[in-house]
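Protein chains in written order, with the working numbering: chain V, 1 to 274; chain G, 1001 to 1074. Each residue gets a CB set at the ideal place from its N, CA and C atoms; glycine is no exception. What follows is a single structure, written as structure tokens, with notes after it.
Here is the structure:
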């Protein structure tokens, strides 16, 4: 019997080591980690080659445990955040918040990156004067849910204009309930919350800036036409020159704005969609 | 026999302890890396947002001047 004991002992050791390693590997499979480092990649892979509608249809099925991610329509969310909602004619809240006529005039601005909202404000001279109503609008707190079921929901503050879009994608108004877990430290969760709030604020700024850019480009066209008319008439040269300089200034500023929107939008693209 | 069990058990416990410690450190360091990644990304995003805000304001001011200078036909 004694001669088998070392073999038995060695086997026990191997089994223990394998069990411990397996337990560690399970813990290691925390998908959130990979995801947050490169948000969007997972979804891109899943959605590759599928039509938009199909993608939308497939999302939202991942019901979640303990509040962590009902995860409806994340890709959709990335697209419609803020802007989609801002332009939604059916959204009564939007009309109340946005001042005059923005919704009715919204004919939709499709973002060429395909990541953001499909529609945006369409300002005119009157509504443009009241743009501060939009900028300093009410903020609301929502519990934002992600596509993946073990991705914990995150509390974010959004523009009231974007509320309906978020609710439509499975988010819940109010703060996320506290979830007990031993997977993430408090520090990590706080950092994560700050990170996503930063993304949301930037996303909203992109939407707003894009709407201003669209309006500016529209105004530029009109101003150029008017300038040509003036040049062909007997208008004083000083007047023409003053107007021309204003047009040039706006052209330069819009060009810079366009570049900045592109860069910033690419930084936050899909960050909330996973 | 008991003597063998004692030796084997002690060795097994020590091994298990080492494995567990290594695993905890790996997880913790991954979280740390992720925090740093989020932190640096946040900074970049914030800087760009500020630039975007500033530039948007410049365009708004240009538009206001344009409104004053050009008539309302466009």
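First through last residue of the beta strand (DSSP E) which encompasses residue i
i, result
"residue 157 of chain V", "154-159"
Identified DSSP bridge partners for residue i
i, result
"residue 141 of chain V", "V:157"
Straight-line Cα distance separating residue j from residue i
i, j, result
"residue 15 of chain V", "residue 141 of chain V", "50 Å"
"residue 248 of chain V", "residue 157 of chain V", "38 Å"
"residue 27 of chain V", "residue 184 of chain V", "Note that residue 27 of chain V scores a pLDDT of 47, beneath 50, so its modelled location is shaky and nothing firm can be said."
"residue 220 of chain V", "residue 205 of chain V", "22 Å"
"residue 1005 of chain G", "residue 1034 of chain G", "43 Å"
"residue 1028 of chain G", "residue 194 of chain V", "20 Å"
"residue 313 of chain V", "residue 1031 of chain G", "Past the boundaries of the shown model lies residue 313 of chain V; chain V is included only from 1 to 274, so the question cannot be answered."
"residue 1063 of chain G", "residue 242 of chain V", "14 Å"
"residue 189 of chain V", "residue 139 of chain V", "22 Å"
"residue 231 of chain V", "residue 252 of chain V", "21 Å"
"residue 67 of chain V", "residue 172 of chain V", "At residue 67 of chain V, the pLDDT of 35 sits below 50, so the modelled position is not reliable; the number obtained from the coordinates is stated separately. For residue 67 of chain V and residue 172 of chain V, the distance between alpha carbons rounds to 10 Å."
"residue 203 of chain V", "residue 265 of chain V", "7 Å"
"residue 1051 of chain G", "residue 1014 of chain G", "56 Å"
"residue 267 of chain V", "residue 1039 of chain G", "14 Å"
"residue 1047 of chain G", "residue 222 of chain V", "33 Å"
"residue 11 of chain V", "residue 4 of chain V", "11 Å"
"residue 258 of chain V", "residue 1045 of chain G", "16 Å"
"residue 162 of chain V", "residue 1041 of chain G", "24 Å"
"residue 126 of chain V", "residue 215 of chain V", "12 Å"
"residue 199 of chain V", "residue 238 of chain V", "46 Å"
Segment limits, alpha helix (DSSP H) that includes residue i
i, result
"residue 209 of chain V", "186-232"
"residue 166 of chain V", "163-168"
"residue 136 of chain V", "Where residue 136 of chain V is concerned, there is no enclosing alpha helix (DSSP H), given that its DSSP letter is neither H nor E."
"residue 126 of chain V", "125-129"
For residue i, the three-state DSSP class (helix, strand or coil)
i, result
"residue 183 of chain V", "coil"
"residue 173 of chain V", "strand"
"residue 250 of chain V", "helix"
"residue 1034 of chain G", "helix"
"residue 259 of chain V", "helix"
"residue 1039 of chain G", "helix"
"residue 121 of chain V", "coil"
"residue 1007 of chain G", "helix"
"residue 14 of chain V", "helix"
"residue 103 of chain V", "Residue confidence for residue 103 of chain V is low, a pLDDT of 38 falling below 50, so the modelled location carries little weight; the figure read from the coordinates is stated next. Helix."
"residue 271 of chain V", "coil"
"residue 1054 of chain G", "helix"
"residue 149 of chain V", "coil"
Chain-ordered chain G contacts of residue i [CB-CB under 7 Å]
i, result
"residue 293 of chain V", "The structure shown does not extend to residue 293 of chain V, since chain V is modelled only from 1 through 274, so no value can be given for it."
"residue 254 of chain V", "1059"
"residue 209 of chain V", "1052 and 1056"
"residue 185 of chain V", "1031"
Neighbouring residues, chain V, relative to residue i (Cβ below 9 Å)
i, result
"residue 1042 of chain G", "191, 194, 195, 198 and 199"
Residues that residue i contacts on chain G, provided the C-beta gap is smaller than 9 Å
i, result
"residue 202 of chain V", "1045, 1046, 1048, 1049 and 1052"
"residue 128 of chain V", "1060, 1063, 1064 and 1067"
"residue 213 of chain V", "1056 and 1059"
"residue 173 of chain V", "Per Cβ cutoff of 9 Å: no residues; residue 173 of chain V is ~25 Å from chain G at best."
"residue 243 of chain V", "1066, 1069 and 1070"
"residue 264 of chain V", "1045, 1048, 1049, 1051 and 1052"
Listed by chain order, chain G residues near residue i by CB distance under 8 Å
i, result
"residue 188 of chain V", "1031, 1034 and 1035"
"residue 268 of chain V", "1045"
"residue 159 of chain V", "Within chain G, no residue comes near residue 159 of chain V; the closest Cβ sits about 14 Å away, beyond 8 Å."
"residue 179 of chain V", "Correct list: empty, because the minimum Cβ distance to chain G is about 16 Å."
Cβ-heavy atom distance, residue i to the ligand SAM, below 6 Å
i, result
"residue 1036 of chain G", "Looking for the ligand SAM in the displayed structure turns up nothing, as the structure carries no ligands at all."
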